[in-house]
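Residue numbers (the UniProt record's numbering): 1 to 114.
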């Protein structure tokens, strides 16, 4: 055994490992804070004509739906389509918000697949 080699971890590798753990802890703390922020967010989606509005949290939990009398007057089938469009709009906006916030959180970490 060559003197001073130990288990193959040089001081530089230990520093890299310690830095990786530090970054992981920062991301974990940031993710916890982001989760709390997303729970408090209200993201609104609406039908194209604005007669139906859907509000989701940043975690995509339904909060409320607002349906105007004009939307109700269009009949059940049309109303169903308006609600679906508003839900999809809110969902797309919340998904984009979550993606953007996660990218901000992990930027500069050079994580594979991110």
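Quick reminder that beta carbons are idealized off the backbone N, C-alpha and C, glycines included. These numbers were taken from a predicted model, which means no experiment stands behind them.
- Taking Cβ positions, are residue 52 and residue 27 nearer each other than 8 Å? Taking the first residue of the chain shown as position 1, residue 52 is located at position 52. Taking the first residue of the chain shown as position 1, residue 27 is located at position 27. No, they are not a contact pair.
- Item | Nearest to residue 57 (by Cα), restricted to the options 13, 93 and 49 | Stepping through the chain shown from its first residue, residue 57 is reached at position 57. Ranking 13, 93 and 49 by Cα distance to residue 57 puts 93 first.
- residue 45 vs residue 91 beta-carbon contact at 8 Å: What you label residue 45 is simply residue 45 of the chain shown in a count that begins at 1. What you label residue 91 is simply residue 91 of the chain shown in a count that begins at 1. A contact, by the Cβ cut-off of 8 Å.
- Query: Rounded C-beta distance between residue 34 and residue 105? I'm assuming under 8 Å.
  - Reply: What you label residue 34 is simply residue 34 of the chain shown in a count that begins at 1. What you label residue 105 is simply residue 105 of the chain shown in a count that begins at 1. The pair is a contact, with the Cβ atoms about 6 Å apart (cut-off 8 Å).
- Contact set for residue 86: own chain, Cβ-Cβ below 8 Å, skip 5 residues either direction: By one-based count along the chain shown, residue 86 stands at place 86. The residues are 45, 46, 47, 52, 53, 54 and 65.
- Under 8 Å, do residue 42 and residue 63 count as touching if we go by C-beta distance? Within the chain shown, the letter at position 42 stands for residue 42. Within the chain shown, the letter at position 63 stands for residue 63. Yes, these two residues count as a Cβ contact at 8 Å.
- Message: Considering just the uninterrupted stretch of the alpha helix (DSSP H) at residue 94, what are its terminal residues?
- Response: By one-based count along the chain shown, residue 94 stands at place 94. Where residue 94 is concerned, the enclosing alpha helix (DSSP H) stretches over 76 to 106.
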